[in-house]
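Each remark here refers to the structure printed beneath this line.
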Amino acid sequence: MRQTICAGEPNPERFNEMSTTIVVQSPMAPPSLAEWGKRWHLSESPEQQEPEDVGWSFETPAEVAYQYDLFERHGVESEEFQELVEGWHIERGTRSSTTEIVLCAAYQAIIGMGPRAIPLILAQMEAEGEHPDQWFWALQVLTKADPVKEEDEGNFRKMARAWLEWARWRYVW
Amino acid sequence: MCGSWSPSDHPHLTDFNCVKTSEQDAIYNCIAWAAGDATRWWWPFPYRGVSYWPRGVPRKETIDAFIAAYATVGFHECGDGTMESGIEKIVIFAKTTRGILIPTHAARQLDSGEWTSKMGPLEDIRHTTADAPRGPLYGEPVCYLARLRE
Numbered sequence: 001m002r003q004t005i006c007a008g009e010p011n012p013e014r015f016n017e018m019s020t021t022i023v024v025q026s027p028m029a030p031p032s033l034a035e036w037g038k039r040w041h042l043s044e045s046p047e048q049q050e051p052e053d054v055g056w057s058f059e060t061p062a063e064v065a066y067q068y069d070l071f072e073r074h075g076v077e078s079e080e081f082q083e084l085v086e087g088w089h090i091e092r093g094t095r096s097s098t099t100e101i102v103l104c105a106a107y108q109a110i111i112g113m114g115p116r117a118i119p120l121i122l123a124q125m126e127a128e129g130e131h132p133d134q135w136f137w138a139l140q141v142l143t144k145a146d147p148v149k150e151e152d153e154g155n156f157r158k159m160a161r162a163w164l165e166w167a168r169w170r171y172v173w
Numbered sequence: 001m002c003g004s005w006s007p008s009d010h011p012h013l014t015d016f017n018c019v020k021t022s023e024q025d026a027i028y029n030c031i032a033w034a035a036g037d038a039t040r041w042w043w044p045f046p047y048r049g050v051s052y053w054p055r056g057v058p059r060k061e062t063i064d065a066f067i068a069a070y071a072t073v074g075f076h077e078c079g080d081g082t083m084e085s086g087i088e089k090i091v092i093f094a095k096t097t098r099g100i101l102i103p104t105h106a107a108r109q110l111d112s113g114e115w116t117s118k119m120g121p122l123e124d125i126r127h128t129t130a131d132a133p134r135g136p137l138y139g140e141p142v143c144y145l146a147r148l149r150e
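Protein sequence lines, in the order shown, are assigned to chains A and B.
At position 104 of the first sequence (counting the first as 1) the number is 104 in our numbering, and the numbers step up by one without a gap.
At position 53 of the second sequence (counting the first as 1) the number is 53 in our numbering, and the numbers step up by one without a gap.
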């Protein structure tokens with residue numbers, strides 16, 4: 001049996017059935033979802049795809065309940081993240097020093113959120129479009145990855161594209 | 001006030017000596033802007049993949065490293081920021097932190113004799129004197145560089 005939940009409408013009562021496979025269709029999925037299953041491409045018409053192609057499958061209510069809890073917390077963390085972003089912008093002021101900028105308390109607090117911050121940073125960076133901010137150090141610290149080509153260093157647009165492309169198959173945001 | 005920063009950070013920038021010349025844009029900084037590059041963020045961050053620094057120049061927050069970085073685009077040390085025909089000048093700002101002089105900012109002289117600064121991730125400005133952005137955040141001008149104006 002397969003059930004589908006979408007962002008904003010998870011209902012725990014639907015999760016009581018044993019041996020139910022839940023397919024999550026949500027760009028708001030919390031980061032730990034990526035640790036639970038393989039990231040699949042989210043089509044614009046997921047209903048036309050096979051279940052395995054639209055999200056993650058969970059076999060037990062316990063797993064689903066845990067993920068539902070993360071869904072709930074995700075919204076709170078998003079608010080906390082946005083407050084830290086605003087605080088960071090104020091704190092860094094007109095500084096040009098990357099060192100000073102990433103040592104701002106608010107930026108360090110974002111890193112301190114741990115892996116939960118990764119999808120929030122990715123969403124923020126994607127939303128910033130052609131004017132991406134300096135999320136690269138935080139992403140390096142949190143993911144231990146470094147997808148930026150040497151010739152693109154300092155070009156934030158190219159760096160952001162490299163990170164988003166790298167993250168596309170590893171995280172959901 | 002001519003920009004969106006805290007006045008206490010740049011107490012000498014006023015509506016009388018400073019004009020905003022761009023909107024905020026966090027993709028380049030003053031060090032890049034002084035070098036004529038509005039596409040990258042220049043800084044000698046010790047780890048790769050975070051900011052641009054010219055290849056072969058030490059990734060150190062020292063005046064010498066900044067002079068070496070600007071030498072890659074043709075600038076060399078000169079005496080002061082006096083306007084000279086056919087010469088383009090840069091001023092490097094620095095402040096002392098825990099006993100060490102650390103570069104903080106750079107501005108470039110325009111052919112009008114005024115100066116242009118990118119204020120970190122915020123706006124570009126034009127200011128009448130080289131030292132106008134000085135203050136608690138940027139410290140003071142410590143070094144001038146020059147190259148032939150293109």
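C-beta atoms are modelled at their ideal positions from N, C-alpha and C, and glycine is treated no differently.
- Judged by DSSP in its simplified three-state form, Ser117/B adopts strand.
- The Cβ atoms of Ala35/B and Ile90/B lie closer than 9 Å to each other.
- With a threshold of 9 Å between beta carbons, Gly87/A makes no contact with chain B.
- Listed by position along chain A, the residues whose Cβ is nearer than 9 Å to that of Cys30/B are Thr94 and Ser96.
- The three-state reading of DSSP puts Phe93/B in strand, counting E and B together.
- Residue contact with chain A for Thr129/B: absent (no Cβ-Cβ distance below 9 Å to any residue of chain A).
- Neighbourhood of Phe45/B in chain A, by CB distance below 7 Å: Thr98 and Thr99, in chain order.
- Look at the stretch 148-165 of chain A: the residues with a C-beta under 8 Å from a C-beta of chain B are Val148, Glu150, Glu153, Gly154, Asn155, Phe156, Arg157 and Met159.
- Annotation: Arg40/B to Ala32/B spans about 6 Å, alpha carbon to alpha carbon.
- For Gln82/A, the nearest beta carbon of chain B is not closer than 9 Å to its own beta carbon.
- Under the 8 Å Cβ criterion, the stretch 91-110 of chain A counts as touching the stretch 114-133 of chain B, having at least three qualifying pairs.
- Taking a C-beta cut-off of 7 Å against chain A, the contacting residues of the stretch 15-39 of chain B are Asp25, Ala26, Ile27, Asn29, Cys30, Ile31 and Thr39, listed in chain order.
- By the C-beta criterion, the stretch 54-72 of chain B is judged not to be in contact with the stretch 114-131 of chain A, since fewer than 3 inter-stretch pairs fall below 8 Å.
- Taking Pro7/B as reference, the option from Asp146/A, Trp166/A, Ile90/A and Phe156/A with the minimal CA-CA separation is Ile90/A.
- Inter-segment contact for the stretch 131-139 of chain B and the stretch 74-94 of chain B is present: three or more beta-carbon pairs are separated by less than 8 Å.
- The contact set of Pro132/A on chain B, defined by CB atoms closer than 9 Å, consists of Ala26 and Ile27 in chain order.
- Within 8 Å of the CB of Pro58/B, no CB atom of chain A is found; the nearest one sits about 15 Å away.
- Contact between the stretch 9-22 of chain B and the stretch 103-112 of chain A is absent: fewer than 3 CB-CB pairs across the two stretches fall below 8 Å.
- Here Ala107/B carries a strand assignment [DSSP, helix/strand/coil].
- Here the alpha carbons of Ser51/B and Gly154/A stand approximately 4 Å from one another.
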